[in-house]
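Colleague: Top to bottom, those sequences are chains A and B.
In this text, residue positions in the first sequence follow the working numbering: the first is 263, and each later residue adds one.
In this text, residue positions in the second sequence follow the working numbering: the first is 263, and each later residue adds one.
No residue lacks a Cβ here, since even glycine has one placed at the ideal position from N, Cα and C.
Note that this is a predicted model, so its numbers are computed, not measured.
Below is one structure. I have some questions about it.
Protein chains: 2
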Amino acid sequence: MSLRHAILTALLERPSSGFDLARRFDRSIGYFWSATHQSIYRELATLEREGLIESLPQPPSRGKRKLYEVRLAGRSALVAWLGQYEEPERSRDALLVRLRAASVVGAGPLVEQMRLHREAHEERRAEYLEIAERDFSDPHPDASAQIQHLILLAGVGLETYWMTWLSDAIELLSEVDRSGHAEDQ
Amino acid sequence: MSLRHAILTALLERPSSGFDLARRFDRSIGYFWSATHQSIYRELATLEREGLIESLPQPPSRGKRKLYEVRLAGRSALVAWLGQYEEPERSRDALLVRLRAASVVGAGPLVEQMRLHREAHEERRAEYLEIAERDFSDPHPDASAQIQHLILLAGVGLETYWMTWLSDAIELLSEVDRSGHAEDQ
DNA sequence: ATTTACATGTAAGGGGTTACATGATTTG
DNA sequence: CAAATCATGTAACCCCTTACATGTAAAT
Chain A
263 MSLRHAILTA LLERPSSGFD LARRFDRSIG YFWSATHQSI YRELATLERE GLIESLPQPP
323 SRGKRKLYEV RLAGRSALVA WLGQYEEPER SRDALLVRLR AASVVGAGPL VEQMRLHREA
383 HEERRAEYLE IAERDFSDPH PDASAQIQHL ILLAGVGLET YWMTWLSDAI ELLSEVDRSG
443 HAEDQ
Chain B
263 MSLRHAILTA LLERPSSGFD LARRFDRSIG YFWSATHQSI YRELATLERE GLIESLPQPP
323 SRGKRKLYEV RLAGRSALVA WLGQYEEPER SRDALLVRLR AASVVGAGPL VEQMRLHREA
383 HEERRAEYLE IAERDFSDPH PDASAQIQHL ILLAGVGLET YWMTWLSDAI ELLSEVDRSG
443 HAEDQ
């Protein structure tokens, strides 16, 4: 149920088309809730059917921009959702599952994969820092900007965390590799 | 595709029933890939149909334990999967989506939710530390134990990270609340 | 004998991904 | 006018979750 509320949030800030939303997701809400254009279009259709958003009147045709804006019912639904408590989800990380498998059948090419993951996290971190500098360097930000900055910093911190953990992991796996393989246990 | 490989890993360590796996997942692989008993039973059935695992011959009946073990093809499939590179997934966190919404419609009861999340992360962290002390205090662990310890420490670090970030976030949101609401922007 | 814990499943539905289809607009 | 880019959608499938159904074994 998060995608629809992410969409409502984005549309409240600025009426947009599905295509716009897809692009905006890639560099803001998408840090913590990525979405493909297909899922966005589907959710937009559902939201409109339910009367939470409406498309600005334009001749509807396939290749034409279709702008949506949030109706009052949509804003209420968002506020209501904001009030619902959800337990924190357990994270799902295929790399950790691979590492767990490596503890049984040997690391194989996993160390190299971890190096690539570390690079990916480095790049993502750099990207976030760039955005932070560009969009949140105002010395007297309003409340909204402060919160958005905080969210971005959550991303920076997470990427940093994985970078350091991966470095430790790579080091340990390399040592283990040198001094007898896991398979031999 | 991670669940099946998590299951193969667990079964390689010890032939188990679906019920066993569900319990073992709760306190090991489940740190990074949780699974309900329903999904485990379904995947076990699929794996058996595909010939990657086999059930030990016993009169199959509904309320009776059904032990599975991994066949050679299953081990090969696991090793093959281990060699496949996957990009790191973007994390999905409904709380961050809520916070993003709060930057538009105001924080409302979100601070209290964040306190509860912080508590949940504290508890999970304590749980992991307990397991670490109980299972990984051997001064000369073998390679497999070292890797499993490393995975557990990834969990500890993540929980710690979210605890500190949430503390910062709660503090900022409280300040923002005191000095004029986000809604008023 | 009944309750509780153990154990295995089925069914429906939600939400997401990948692949594919199609039209409109801009640029060389 | 051809190609690239912008833009909206459909269809099939995958994996997971929630709710429900059912049977066995141990404890009181």
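Which one of B:His299, B:Glu433, B:Val341, B:Gly325 has the shortest CA to CA distance from Met376 of chain B?
Modeller: One-based indexing of the second sequence puts residue 376 of chain B at position 114. Looking at the Cα atoms, B:Glu433 is the closest of the given residues.
Colleague: Please tell me whether Asp355 of chain A has its Cβ less than 8 Å away from any Cβ of chain B.
Modeller: Reading the first sequence from its first residue, position 93 is the one you call residue 355 of chain A. Yes, Asp355 of chain A lies at the interface with chain B (some Cβ there is under 8 Å from its Cβ).
Colleague: Glu445 of chain B to Val367 of chain B, Cα distance in whole Å?
Modeller: Start at 1 with the first residue of the second sequence, and residue 445 of chain B comes out as number 183. Start at 1 with the first residue of the second sequence, and residue 367 of chain B comes out as number 105. Because Glu445 of chain B carries a pLDDT of 49, less than 50, the predicted location of this residue cannot be relied on, and the following value inherits that uncertainty. Roughly 6 Å separates the two Cα atoms.
Colleague: Please check the pair Ser278 of chain B and Arg286 of chain B, which I expect to be a contact at CB under 8 Å, by giving their CB distance rounded to whole angstroms.
Modeller: Along the second sequence, one-based indexing puts residue 278 of chain B at 16. Along the second sequence, one-based indexing puts residue 286 of chain B at 24. Their Cβ separation, rounded to whole angstroms, is 7 Å, which keeps Ser278 of chain B and Arg286 of chain B in contact under 8 Å.
Colleague: Under 8 Å between C-beta atoms, does Ala394 of chain A make it to chain B?
Modeller: Numbered from 1 along the first sequence, position 132 holds the residue referred to as residue 394 of chain A. Output row for Ala394 of chain A: interface = no.
Colleague: Output needed in chain order: residues of the stretch 318-351 of chain B with a Cβ under 8 Å from some Cβ in chain A.
Modeller: Those would be Arg337, Leu340, Val341, Trp343, Leu344, Gly345, Tyr347, Glu348, Glu349, Pro350, Glu351, in chain order.
Colleague: Are the C-beta of His267 of chain B and some C-beta of chain A separated by less than 8 Å?
Modeller: Translated into positions along the second sequence, residue 267 of chain B becomes position 5. Yes - at least one Cβ of chain A is within 8 Å of the one on His267 of chain B.
Colleague: Would you list the residues sitting across from Ser317 of chain A in a DSSP beta bridge?
Modeller: By 1-based counting over the first sequence, the position of residue 317 of chain A is 55. Bridge partners of Ser317 of chain A: A:Tyr330.
Colleague: What is the C-beta distance between His267 of chain A and Ala363 of chain B, in whole angstroms, given that I count them as a contact (C-beta under 8 Å)?
Modeller: Residue 267 of chain A sits at position 5 when you count from the first residue of the first sequence. Residue 363 of chain B sits at position 101 when you count from the first residue of the second sequence. Indeed they touch by this definition, with Cβ atoms about 6 Å apart.
Colleague: Please state whether the Cβ-Cβ distance between Ile413 of chain B and Leu435 of chain A is less than 8 Å.
Modeller: For this step, residue 413 of chain B is matched to residue 151 along the second sequence. For this step, residue 435 of chain A is matched to residue 173 along the first sequence. Going by C-beta atoms, Ile413 of chain B is not nearer than 8 Å to Leu435 of chain A.
Colleague: Could you tell me the alpha carbon to alpha carbon distance between Ala356 of chain A and Pro319 of chain A, rounded to whole angstroms?
Modeller: Stepping through the first sequence from its first residue, residue 356 of chain A is reached at position 94. Stepping through the first sequence from its first residue, residue 319 of chain A is reached at position 57. Using only the alpha carbons, I get a separation of about 45 Å.
Colleague: CA-CA distance, Ser317 of chain A and Gly280 of chain A?
Modeller: Reading the first sequence from its first residue, position 55 is the one you call residue 317 of chain A. Reading the first sequence from its first residue, position 18 is the one you call residue 280 of chain A. Taking the straight line joining both Cα atoms gives about 11 Å.
Colleague: Is it the case that the Cβ atoms of Ile315 of chain A and Val341 of chain A are separated by a distance below 8 Å?
Modeller: To locate residue 315 of chain A, count along the first sequence from 1; it is residue 53. To locate residue 341 of chain A, count along the first sequence from 1; it is residue 79. In this structure, Val341 of chain A does not lie closer than 8 Å to Ile315 of chain A by Cβ.
Colleague: Three or more C-beta pairs closer than 8 Å, one from the stretch 379-386 of chain A and one from the stretch 412-430 of chain A: is that the case here?
Modeller: yes
Colleague: Glu437 of chain B: beta carbon under 7 Å from a heavy atom of the ligand GTP?
Modeller: Absence of the ligand GTP from the depicted structure is noted, as is the absence of any ligand whatsoever, leaving it without description.
Colleague: Should Pro305 of chain B go down as buried or exposed, given a rule of 16 or more other Cβ atoms within 10 Å for buried?
Modeller: Start at 1 with the first residue of the second sequence, and residue 305 of chain B comes out as number 43. Before going on, a small fix: residue 305 of chain B reads as Glu here, not Pro. Its Cβ being crowded by 16 or more others within 10 Å, Glu305 of chain B is buried.
Colleague: For Met263 of chain A and Glu348 of chain B, what's the separation of their Cα atoms in angstroms?
Modeller: Here the question's residue 263 of chain A lines up with position 1 in the first sequence. Here the question's residue 348 of chain B lines up with position 86 in the second sequence. Computed Cα separation, rounded: 26 Å.
Colleague: Whole angstroms are fine: how far does the CA of Pro350 of chain B sit from the CA of Leu334 of chain B?
Modeller: As a first step, residue 334 of chain B must be located in the second sequence, where it is residue number 72. As a first step, residue 350 of chain B must be located in the second sequence, where it is residue number 88. If you take the alpha carbons of Leu334 of chain B and Pro350 of chain B, they lie about 29 Å apart.
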